[in-house]
Amino acid sequence: MFDTHCHLQDDRISAKAGDIVAAANRAGVTGMLCCGSSAADWGGVERIGAAYAGGGVVCAYGVHPFYAGSVDIDGNNWADELSGRLAGDPSAAVGEIGLDHTVSPRGDDRQAELFARQLKIAERYGRPVSIHCRKAFGVMLSILRDNGGLKFGGALHSYGGPPDLIDELVGLGCHISFSGSILNPNGKRAFASLKKVPVNRLLIETDSPGLLPRGAAGPFNEPANLSLILNRAAEILGESSRKIAELTNENGCRLYRQNSY
Ligand SMILES: [Zn+2]
Numbered sequence: 185m186f187d188t189h190c191h192l193q194d195d196r197i198s199a200k201a202g203d204i205v206a207a208a209n210r211a212g213v214t215g216m217l218c219c220g221s222s223a224a225d226w227g228g229v230e231r232i233g234a235a236y237a238g239g240g241v242v243c244a245y246g247v248h249p250f251y252a253g254s255v256d257i258d259g260n261n262w263a264d265e266l267s268g269r270l271a272g273d274p275s276a277a278v279g280e281i282g283l284d285h286t287v288s289p290r291g292d293d294r295q296a297e298l299f300a301r302q303l304k305i306a307e308r309y310g311r312p313v314s315i316h317c318r319k320a321f322g323v324m325l326s327i328l329r330d331n332g333g334l335k336f337g338g339a340l341h342s343y344g345g346p347p348d349l350i351d352e353l354v355g356l357g358c359h360i361s362f363s364g365s366i367l368n369p370n371g372k373r374a375f376a377s378l379k380k381v382p383v384n385r386l387l388i389e390t391d392s393p394g395l396l397p398r399g400a401a402g403p404f405n406e407p408a409n410l411s412l413i414l415n416r417a418a419e420i421l422g423e424s425s426r427k428i429a430e431l432t433n434e435n436g437c438r439l440y441r442q443n444s445y
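Under the numbering used here, think of the first position of the sequence shown as 185, with each following residue one higher.
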């Protein structure tokens, strides 16, 4: 299995990253995309990626919309550092980036500009992206359209948007990734979305250490819990867990390991 979105560098779990990666591997999770949130945690991502590449950890560097306010958008420091990290690690992706219209203050223009700039940097280095989007799907689509889609692919992580948008997102080059939110019994919209995703664009993720799935031992989520999400996705789709494990792993490897060999 491939956990296509997690944060092993997060302070809540980083000290146990070795145990967490080993437990994930024992549970059959052999790929993990470790996503950064802002320049402040990119060093942590790099350290964990270097220490546990053999355990399947792939790095992603990006500025999350929560931290848009911390970035001097017109200064070049963050963009230079991001570019330098991508140049230095041919297997690194760009993430977590995106738009979030539930934060306060929202700073919509700033978020949009930061997101669009990071898409351009990803494209310049030929990298896939991991995208966060909450309550901002209209703007998201217009930025992706303006960008001409995702030339090197990417995923909408922990998808919570309307099922109606799946076709256009897929047409723009997106994979769609589902998290533990599909274990929520009231997740009708997510179930409908899951069924609309073409099998070659479907991904699963934990978003560890957040989004602890129902039925998992806490206090924090970790990639070893991915089978809970896999099993639920398989149940919703009426397929075997084995088949969904195989195809989501293939999709994850094609998207996030394309530069790793
Ligand atoms: Zn995340």
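A virtual CB, placed ideally from N, CA and C, is assigned to each residue, including glycine. This one's a predicted model, so the numbers in the text were calculated from it and none came from an experiment.
Exercise for the section: Kindly confirm or deny that the region 291 to 308 and the region 250 to 263 touch, where touching means at least three C-beta pairs closer than 8 angstroms. Expected result: Contact between the region 291 to 308 and the region 250 to 263 is present: 3 or more CB-CB pairs across the two stretches fall below 8 angstroms.
Handout entry: Exposure label - A234; buried when at least 16 CB within 10 Å
Key = A234 should be labelled exposed.
Practice task
Taking L349 as the reference, give the member of N331, R231, L325, K427 with the closest Cα.
Solution key: L325
Problem - First and last residue of the uninterrupted beta strand (DSSP E) at I360 - result: Counting along the chain, the beta strand (DSSP E) containing I360 begins and ends at 358 to 362.
Practice task
Please find out if some non-hydrogen atom of ligand 1 comes closer than 8 angstroms to the beta-carbon of D284.
Solution key: no
Practice task
Identify, in the order they occur along the chain, each residue of the same chain with its Cβ nearer than 7 angstroms to the Cβ of G333, setting aside the five sequence neighbours on each side.
Solution key: These residues qualify, in order along the chain: L356, G357.
Handout entry: Own chain, CB closer than 8 angstroms to R329, minus 5 neighbours either side, in chain order
Key = L356
Practice task
Consult DSSP for D187 and reduce its assignment to one of helix, strand or coil.
Solution key: strand
Practice task
Identify, in the order they occur along the chain, each residue of the same chain with its Cβ nearer than 7 angstroms to the Cβ of Y445, setting aside the five sequence neighbours on each side.
Solution key: With a pLDDT of 44 at Y445, under the threshold of 50, the modelled position of that residue is not reliable, and the figure given next carries that caveat. So the list is empty, once near-sequence residues are dropped.
Problem - N- and C-terminal bounds of the alpha helix (DSSP H) containing R416 - result: 410 to 421
Problem - Test item: CB-CB of R196 and P393 under 9 angstroms - result: yes
Exercise for the section: Kindly list the residues whose CB is nearer than 6 angstroms to the CB of F336, restricted to its own chain and excluding five residues on each side of it in sequence; keep chain order. Expected result: G310, R311, P312
Handout entry: Terminal residues of the alpha helix (DSSP H) in which D194 lies
Key = Counting along the chain, D194 falls outside any alpha helix (DSSP H), and DSSP gives it neither H nor E.
Practice task
From the DSSP output, in three-state form, read off Y445 for me.
Solution key: Residue placement at Y445 is poorly supported in this model, since its pLDDT is 44, which falls under 50; the coordinates are not used for a value here.
Exercise for the section: Would you mind stating whether S365 and A374 have Cβ atoms separated by less than 9 angstroms? Expected result: yes
Handout entry: Identity of the residue in L412, T390, G338, E423 nearest A277 by Cα
Key = G338
Handout entry: Residue of H316, R438, D256, D225 minimising C-alpha distance to D391
Key = H316
Problem - Distance, G259 Cα to K427 Cα - result: 47 angstroms
Handout entry: When Y440, Y236, C219, S221 are compared against A207, the one with the closest alpha-carbon
Key = Looking from the CA of A207, the closest CA among Y440, Y236, C219, S221 belongs to Y236.
Practice task
Using the Cα positions of V381 and A401, report the straight-line distance between them to the nearest angstrom.
Solution key: The straight-line gap from Cα to Cα measures roughly 29 angstroms.
Problem - C-alpha distance - G399 paired with D264, whole-angstrom precision - result: 42 angstroms
Problem - DSSP state of N384 mapped onto helix, strand, coil - result: helix
Handout entry: Distance cut-off 8 angstroms: C317 Cβ against heavy atoms of ligand 1
Key = no
Handout entry: Inter-residue Cα distance where the pair is S314 and S221
Key = 11 angstroms
Handout entry: Per-residue DSSP class, three states only, for A339
Key = strand
Practice task
Tell me whether G227 is buried or exposed, calling it buried when 16 or more other Cβ atoms sit within 10 Å of its Cβ.
Solution key: exposed
Practice task
Run the proximity test for C219: is its beta-carbon closer than 8 angstroms to any non-hydrogen atom belonging to ligand 1?
Solution key: Relative to ligand 1, the nearest heavy atom lies less than 8 angstroms away from the CB of C219.
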